[in-house]
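**Student:** Okay, handing you the structure first.
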Amino acid sequence: MEQPSVDELKHWRNVMLLHRFALEEVNTKLKILNEEFQFIHDYNPMEHLKSRVKSLESIGAKLEKKNVDITPENALKYVHDIAGIRITCSFVSDIFRIHEMLAGQSDITIKRVKDYVTNPKPNGYRSLHLLCEVPVFLTNRSEKMTVEIQIRTVAMDFWASLEHKIYYKYQQEAPEELVKELQDAARIITHLDEKMKNLNDQIDKYKNEKEK
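Sequential numbering from 0 applies to the sequence shown in numbering that gives the first Met the number 0.
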C-alpha cells in the first residue's frame with residue numbers, strides 16, 4: 000500500500016469518523032428501544048451490546064480480498080461492515096423481535112437481511128445479520144451510512160466465539176474431524192436454545208395462570 004497523501008489521509012479520517020457517528024446513532028437507538036421495552040413489558044430483550052469500527056488494516060485486507068484499490072472511496076463502496084454492532088439476547092424469539100423493532104423505525108432502513116438462524120451456514124454458524132442505513136446529521140449536511148447489526152442468542156455467541164478462536168489457531172484450515180465436532184456442537188447449541196425457550200414459555204404460562 001502506497002503512502003497516502005495528506006488529502007487522502009483526511010478522507011480516510013472522515014470515513015472513520017462518519018462510521019463512528021453512525022455507530023453512536025444506532026447504539027443510542029437500541030438502548031432507547033431496549034429500555035422502553037423493559038418499561039412496557041417488564042422484560043429485557045437485549046442482554047448485551049458490543050460495537051466496533053473496523054481498523055484501517057482490516058478494511059485494507061478486505062479490499063485486497065476483493066481485488067480493488069485500497070482507497071477511501073472503495074472502502075465506502077465495497078466494505079459495508081466498517082461499523083458493526085453485535086446484540087446478544089436470551090431466546091431465538093428475541094432475535095426476530097429485535098428485527099421487528101428496528102424495521103419499525105422511520106430513521107433506519109434495513110437494506111439487507113441474512114438469516115443464518117433459520118438457514119445456518121454449513122459449519123453450524125447461526126445469527127441474524129442486518130445491513131442498516133442510518134442518517135448522520137452534521138453541521139452543514141447529512142450523510143447516509145451503513146451499520147451491520149448481528150443478532151444472536153448468548154448460546155450462539157458462545158459457539159461463534161470459540162469457532163473463531165479455533166480457526167484462528169489453525170489459520171482457517173482446521174482438520175476435518177474438528178470441523179465435524181464443531182458442527183455437532185452447533186446442533187447441541189440449537190437444542191439448548193429450543194430447550195431454554197420451552198422452559199421460558201412454561202414459566203410465562205405458569206405466571207399468567209397465577210395472576211388470573
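Don't be surprised by glycine CBs; every beta carbon is placed ideally from N, CA and C. Predicted, not measured: the structure shown is a model, and the values here were computed from it.
Under the rule that 16 or more other beta-carbon atoms within 10 Å means buried, what is Pro71, buried or exposed?
**Tutor:** For the purposes of this step, residue 71 is taken as the residue at position 72 of the sequence shown. With 16 or more Cβ atoms within 10 Å of its Cβ, Pro71 is classed as buried.
**Student:** What residue ranges within the stretch 53-107 form continuous beta strand (DSSP E) runs of no fewer than 3 residues, ordered along the chain?
**Tutor:** You should have 82-88.
**Student:** Nearest chain B C-beta to Leu48 closer than 9 Å, yes or no?
**Tutor:** Absence of chain B from the displayed structure is noted, only one protein chain being present.
**Student:** By the three-class DSSP mapping on this structure, what secondary structure does Met144 have?
**Tutor:** Position 145 of the sequence shown, counting from 1, holds the residue named residue 144. Note: Met144 maps to strand in three-state DSSP.
**Student:** Report back the beta-carbon spacing between Cys131 and Thr108 to the nearest angstrom; my notes put them in contact at under 8 Å.
**Tutor:** Working through the sequence shown from its first residue, we reach residue 131 at position 132. Working through the sequence shown from its first residue, we reach residue 108 at position 109. Confirmed, about 7 Å.
**Student:** In the DSSP assignment, find the unbroken beta strand (DSSP E) run with Glu172 in it and report its ends.
**Tutor:** As a first step, residue 172 is located in the sequence shown; it is residue number 173 there, counting from the start. Taken as a continuous stretch (DSSP letters only), Glu172 belongs to no beta strand (DSSP E), as it is neither H nor E.
**Student:** On the DSSP bridge assignment, give the partners of Lys9 in chain order.
**Tutor:** Within the sequence shown, residue 9 is the residue found at index 10, counting from 1. BP columns for Lys9 are empty, so no partner.
**Student:** Please return the same chain residues whose Cβ sits closer than 6 Å to the Cβ of Ile150, not counting the five positions on each side in sequence.
**Tutor:** Within the sequence shown, the letter at position 151 stands for residue 150. Correct list, in chain order: Ile86, Ile94, Ile97, Leu127.
**Student:** Suppose the cutoff is 8 Å on Cβ atoms and the five residues either side in sequence are ignored; what does the same chain contact list for Val178 look like?
**Tutor:** For this step, residue 178 is matched to residue 179 along the sequence shown. Hits under 8 Å: Asn122.
**Student:** Determine, using beta carbons only, whether Tyr124 and Ala185 come nearer to each other than 9 Å.
**Tutor:** As a working mapping, residue 124 is identified with position 125 in the sequence shown. As a working mapping, residue 185 is identified with position 186 in the sequence shown. Yes, Cβ-Cβ distance for Tyr124 and Ala185 is below 9 Å.
**Student:** Once you ignore the five residues that flank Leu62 on each side, which residues in its own chain have a CB closer than 6 Å to its CB?
**Tutor:** Counting from one through the sequence shown, the residue named residue 62 turns up at place 63. Hits under 6 Å: Ile69, Asn73.
**Student:** What would DSSP say about Arg19, mapped onto helix, strand or coil?
**Tutor:** Residue numbering aside, residue 19 sits at position 20 when the sequence shown is read from its first letter. The answer is helix: DSSP assigns Arg19 an H, G or I state.
**Student:** Please state whether DSSP places Thr189 in a helix, a strand or coil.
**Tutor:** Position 190 of the sequence shown holds residue 189. DSSP places Thr189 in helix when its eight states are reduced to three.
**Student:** State the beta-bridge partners of Phe136 as determined by DSSP.
**Tutor:** Here residue 136 refers to the residue found at position 137 when the sequence shown is read from its first residue. Answer is Ser141, bridged to Phe136.
**Student:** What is the C-beta distance between Met45 and Asn33, in whole angstroms, given that I count them as a contact (C-beta under 8 Å)?
**Tutor:** Working through the sequence shown from its first residue, we reach residue 45 at position 46. Working through the sequence shown from its first residue, we reach residue 33 at position 34. Right, the Cβ-Cβ distance comes to about 5 Å (below 8 Å), so this counts as a contact.
**Student:** Should Ala154 and Asp192 be called a contact, given that it needs their Cβ atoms to be closer than 9 Å?
**Tutor:** The sequence position of residue 154 within the sequence shown is 155, counting from 1. The sequence position of residue 192 within the sequence shown is 193, counting from 1. Cβ atoms of Ala154 and Asp192: closer than 9 Å.
**Student:** Rounded C-beta distance between Leu75 and Val14? I'm assuming under 8 Å.
**Tutor:** Against the sequence shown, residue 75 aligns to sequence position 76. Against the sequence shown, residue 14 aligns to sequence position 15. Contact flag correct, Cβ pair sits at about 6 Å.
**Student:** For my contact list, Val67 and Arg19 are in at a C-beta cut-off of 8 Å; report their separation, rounded to the angstrom.
**Tutor:** Here residue 67 corresponds to residue number 68 of the sequence shown, with the count starting at 1. Here residue 19 corresponds to residue number 20 of the sequence shown, with the count starting at 1. So it is not a contact: roughly 23 Å between Cβ atoms.
**Student:** Compare the Cα-Cα distances from Ser92 to each of Tyr205, Asp200, Gln104, Ala82 and report the closest residue.
**Tutor:** Numbered from 1 along the sequence shown, position 93 holds the residue referred to as residue 92. The option with the nearest alpha carbon to Ser92 is Asp200.
**Student:** Could you compute how far the alpha carbon of Ile81 sits from the alpha carbon of His47?
**Tutor:** Residue numbering aside, residue 81 sits at position 82 when the sequence shown is read from its first letter. Residue numbering aside, residue 47 sits at position 48 when the sequence shown is read from its first letter. Cα to Cα, the separation comes out at about 20 Å.
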